[in-house]
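Asks: Residue numbers (my numbering), protein chains in the order written: chain V, 1 to 464; chain L, 465 to 715.
Once you've had a glance at the structure underneath, I'll fire off some questions.
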Amino acid sequence: MSSLAVLLIAIPLIAAFVSILSKKVAPYLLLIASLINVILLFYFVPDGIVVIGGYDLPYGINLFVDTFSRTGLGVVNVLFLVIVLLNIVEFKKYSSVLLVALAGLNGLLLTGDLFNLFVFLEISGIAAYLITTSNHKPLATFRYLIIGAVGSSLYLFGLIIFYGMFGTLNLMDMVSFIQANNVDPSALVLPAMLMFIGLGVEAKLLPFNSWVKGVLKDSNTLSGPMIAAVYAATISFVFGRIINNLLTLAFVGNLLIVVLVLLAVGIFIAEAMAFASTKVREILLYSSIAQASIVILLFVNGIVLWAVYLIIANALSKTVMFLVINKATKDHGDDESDSLQGVFSKNILVGITFSVATLSVMGLPLFMGFVVKLNYLTELAVGAQWALLAVILISSIIEGIYFVRMLIKLWYPEKNEVTVKFDLGFKVVFVAIALILLALGTYTAPLNTLDNSIDTIAEVIDNG
Amino acid sequence: MKNLIAFVLSVALGVLMVLSLTNNDWFAQFGYVDLADRVSQSYIDKDVTGNPGEIIFGITSNPENGAANIVTSIVVDYRSFDTLGEVTVLFISALGVALLLNSQDKNKRLALNFKPNFMLRVGSRALFAIILMTGVYVILHGHLTPGGGFPGGTMIASSILLLYLADDQFRTKVKGFKLLEGVAGSFYVIIGLLGLLLATYFLQNFLPTGTVGDLLSAGVIPIVYILIGLKVGSEIAGIIDNFLTEEEVSL
């Protein structure tokens with residue numbers, strides 16, 4: 001049954017519709033649906049093209065399961081389940097919203113149709129706005145809503161122009177049409193840039209990311225990791241898919257330089273902002289903006305494999321970091337790094353896992369981040385992208401300084417005591433993720449086996 | 465100053481778009497697109513899976529898609545998965561309204577600042593029935609004439625709004641709407657899954673499509689449209705109730 005992938009969307013969706021009938025049952029439905037999704041994904045869903053409605057490509061809508069989308073689905077569904085498990089008691093009333101979010105995120109990762117992608121962008125977007133209402137900062141949520149809506153409209157606008165030009169909405173069909181007819185890249189500039197900006201809003205690229213600060217600096221244990229890890233990973237995967245297949249056809253010559261400069265400047269500014277911040281959550285959110293820009297930069301340069309690993313490494317690290325800090329802030333009431341001083345001196349285990357996650361983002365040896373960073377820097381050097389190499393190296397130094405400064409503050413106690421208690425569930429998750437980061441940092445065989453299986457859609461079709 | 469910069473930027477973007485599109489060979493002028501090699505032509509000819517010949521209203525029987533309304537044939541058959549998504553967009557929006565306004569059955573409804581007289585109350589009830597029936601008609605004939613589940617559902621909700629505005633005692637049972645909404649939504653997904661089980665693909669039409677133009681034709685399309693109509697109607701009626709019974713909550 002190759003159509004089983006559609007259940008990854010249908011099951012959370014039907015659970016969401018049923019969940020509004022009873023507030024008591026809703027949290028259980030959320031747990032069951034997200035668990036079933038993980039099981040389905042790892043044991044039952046085969047690779048291939050899933051036709052929907054019985055109409056073949058390019059007439060009907062199709063889902064696309066290959067190594068790329070499967071990797072994305074794995075990261076997103078597992079982290080989603082973990083975050084839900086940790087928050088289900090406190091955020092019961094968000095159960096239905098989270099179910100719709102899960103359906104939307106899986107749809108984004110699976111779909112091979114560009115308009116269908118817009119529909120899922122809307123679904124997961126509205127769900128994200130509602131998840132951020134748990135921050136109790138209506139103005140920041142409203143800003144997110146407005147900017148997000150404008151962003152997805154720009155994506156739609158770009159898609160409309162593409163449709164007007166080539167008469168199809170299917171990604172694969174459109175790409176093969178463009179390649180077969182040798183369409184001049186200059187004809188693709190406008191729609192490609194509109195799509196880039198539209199997705200850039202959700203992917204937190206500068207200068208389209210003014211919503212991020214308001215949403216993440218007051219986040220909690222649900223909205224923080226959800227937006228900074230799960231949503232960020234999903235959008236990066238989707239963005240990577242679009243860049244890797246469609247937008248690279250337009251990104252040549254001057255436009256490529258413009259896009260690369262935009263991304264490089266974004267990395268610098270975000271690292272500088274993180275350097276200037278004293279609040280721990282602001283440091284984390286600016287660092288995740290910088291990391292998101294690096295991911296997109298790698299995709300634009302065609303370094304797909306290491307971009308994927310960078311997404312995974314970041315999603316894992318950011319889950320730990322936002323969970324730790326948001327829990328600490330909730331108990332302590334403030335996330336100024338001065339006032340959280342010495343929080344880890346009483347929570348040594350949590351401190352170690354947080355440090356592992358941070359050092360991995362910095363790219364220190366022994367951790368997954370190092371392997372990833374080493375490899376993508378090598379690839380950039382092989383491609384003779386010296387300017388980009390320099391940008392990433394310099395920003396790494398800035399990153400190193402502010403992260404080490406933050407870690408020292410959090411480890412060494414001052415006069416006033418900070419007491420934060422982490423539940424067993426949190427600790428288990430922290431330790432598990434830290435071990436994964438450590439394992440993949442020292443034993444890299446699993447990373448290498450995936451090496452050649454990530455192709456563009458066209459290549460997947462050609463190779464069967 | 466901020467506004468001025470925004471204005472200049474918007475105008476510049478607009479000019480850029482117009483210039484870029486007029487110099488673009490691939491972007492045909494309005495009315496000059498060659499439809500022959502486009503996906504959309506097959507939706508009109510209904511020849512995606514095989515050639516049915518010319519489609520004639522009232523005569524052609526059992527084509528791949530039985531809807532006489534071309535828009536419906538795309539929305540609820542060829543691209544039904546998108547429509548399931550759009551239904552979900554409305555669902556999550558309604559859910560958000562209820563979540564943010566903290567709606568509960570026990571909340572008091574908004575008071576009118578006038579006393580509705582007898583004529584208004586009776587007259588609105590008569591109108592209610594007419595609007596409701598029009599909505600039902602539009603839903604049931606969605607596969608034949610312009611209309612369908614979304615506009616029909618909105619009409620049903622507007623009849624409820626009329627009662628709210630014309631009668632200060634009126635209050636719907638939100639629980640009932642919730643039930644209708646949840647059940648209708650679930651059945652849409654279930655119909656999709658039945659397609660997977662009885663035919664081969666998710667959301668595939670598994671009923672005979674009949675003669676184009678008959679009321680009972682087009683397979684699952686009328687069923688799906690009835691479900692969408694019920695869902696949209698109850699959702700928007702629920703949103704109306706949420707707004708009219710809003711209670712202040714501290715965010």
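Built from N, CA and C at the ideal position, the CB exists for glycine as well.
Note that this is a predicted model, so its numbers are computed, not measured.
Looking at the unbroken beta strand (DSSP E) that takes in Val50/V, where does it start and where does it end?
Replies: Gly48 to Val51
Asks: Can you tell me whether DSSP reads Val356/V as helix, strand or coil?
Replies: helix
Asks: Given this structure, state the Cα-to-Cα distance separating Asp338/V from Thr444/V, to the nearest angstrom.
Replies: 38 Å
Asks: Hey, which unbroken runs of the alpha helix (DSSP H) at 4 residues or more fall wholly within the segment 345-421 of chain V?
Replies: Within the segment 345-421 of chain V, the complete alpha helix (DSSP H) runs of at least 4 residues are 348-362, 368-382 and 386-411.
Asks: Am I right that Phe208/V and Gly214/V are in contact with their C-beta atoms under 8 Å? What's the rounded C-beta distance?
Replies: Between Gly214/V and Phe208/V the Cβ distance is about 14 Å, and since that is not below 8 Å, they are no contact.
Asks: Counting along the chain, where does the beta strand (DSSP E) carrying Leu63/V start and finish?
Replies: Asn62 to Val65
Asks: Quick check on the DSSP output: the alpha helix (DSSP H) that includes Asn116/V runs from which residue to which?
Replies: For Asn116/V, the enclosing alpha helix (DSSP H) covers residues Leu114 to Thr132.
Asks: For Asp113/V, is the classification buried or exposed, using 16 other Cβ atoms within 10 angstroms of its Cβ as the cut-off for buried?
Replies: buried
Asks: Any Cβ of chain L within less than 8 Å of the Cβ of Tyr59/V?
Replies: yes
Asks: Apart from the five residues just before and just after Leu406/V, which ones in its own chain have a Cβ nearer than 7 Å to its Cβ?
Replies: It should be pointed out that residue 406/V corresponds to Met in this sequence rather than to Leu. Only Val280, Ile283 and Ser337 meet the Cβ criterion.
Asks: DSSP three-state label for Ser337/V, please.
Replies: coil
Asks: Looking at the structure shown, is Phe208/V part of a helix, part of a strand, or coil, going by DSSP?
Replies: Phe208/V falls in the coil class under three-state DSSP.
Asks: Which same chain residues, not among the five before or five after Met273/V, have their C-beta less than 6 Å away from its C-beta?
Replies: Tyr286
Asks: For the alpha helix (DSSP H) containing Thr675/L, list its first residue and its last residue.
Replies: Premise fails: Thr675/L is in no alpha helix (DSSP H) and is neither H nor E.
Asks: Pull the bridge partners of Thr524/L from the DSSP assignment, please.
Replies: In DSSP, Thr524/L forms no bridge with anything.
Asks: Assuming Asn533/L and Leu608/L make a contact with CB atoms under 8 Å, what is their CB distance in whole Å?
Replies: With a Cβ gap of about 6 Å, Asn533/L and Leu608/L count as contacting.
Asks: To the nearest angstrom, how far is it from the Cα of Val553/L to the Cα of Leu627/L?
Replies: 26 Å
Asks: Quick one: give me the first and last residue of the alpha helix (DSSP H) that Ala313/V is part of.
Replies: Val304 to His332
Asks: Around the C-beta of Trp386/V, are 16 or more other C-beta atoms found within 10 angstroms, so that it is buried, or is it exposed?
Replies: By the beta-carbon neighbour count (other beta carbons within 10 angstroms, threshold 16), Trp386/V is exposed.
Asks: Under 8 Å, with one C-beta from each stretch per pair, do the segment 64-81 of chain V and the segment 38-50 of chain V reach the 3-pair mark?
Replies: yes
Asks: Say whether the segment 233-250 of chain V touches the segment 288-302 of chain V, bearing in mind that this needs 3 or more beta-carbon pairs closer than 8 Å, one atom from each stretch.
Replies: yes
Asks: Give me the subset of the segment 667-680 of chain L whose CB atoms are less than 8 Å from a CB atom of chain V, sorted by chain position.
Replies: Leu667, Gln668 and Asn669
Asks: Beta-carbon separation of Leu485/L and Leu190/V under 8 Å?
Replies: In this structure, Leu485/L sits near Leu190/V, with a CB-CB distance shorter than 8 Å.
Asks: Per DSSP, what kind of secondary structure is Thr444/V in: helix, strand or coil?
Replies: coil
Asks: Bridge partners for Thr111/V per DSSP, in chain order?
Replies: Leu63/V
Asks: For a quick check, are the C-beta atoms of Leu110/V and Leu159/V less than 8 Å apart?
Replies: no
Asks: Could you tell me which of Leu410/V, Tyr28/V and Val431/V sits nearest to Thr278/V, measuring between CA atoms?
Replies: The shortest C-alpha separation from Thr278/V is found at Leu410/V.
Asks: Pairing CB atoms from the segment 535-543 of chain L with CB atoms from the segment 606-626 of chain L, are three or more of them under 8 Å?
Replies: Touching, per the Cβ criterion.
Asks: Count the other CB atoms, across all protein chains shown, that sit within 10 Å of the CB of Phe521/L; report buried if there are 16 or more and exposed otherwise.
Replies: exposed
Asks: Out of Leu79/V, Ala357/V and Gly151/V, which has the shortest C-alpha to C-alpha gap to Leu440/V?
Replies: Across the set Leu79/V, Ala357/V and Gly151/V, the C-alpha of Ala357/V shows the shortest separation from the C-alpha of Leu440/V.
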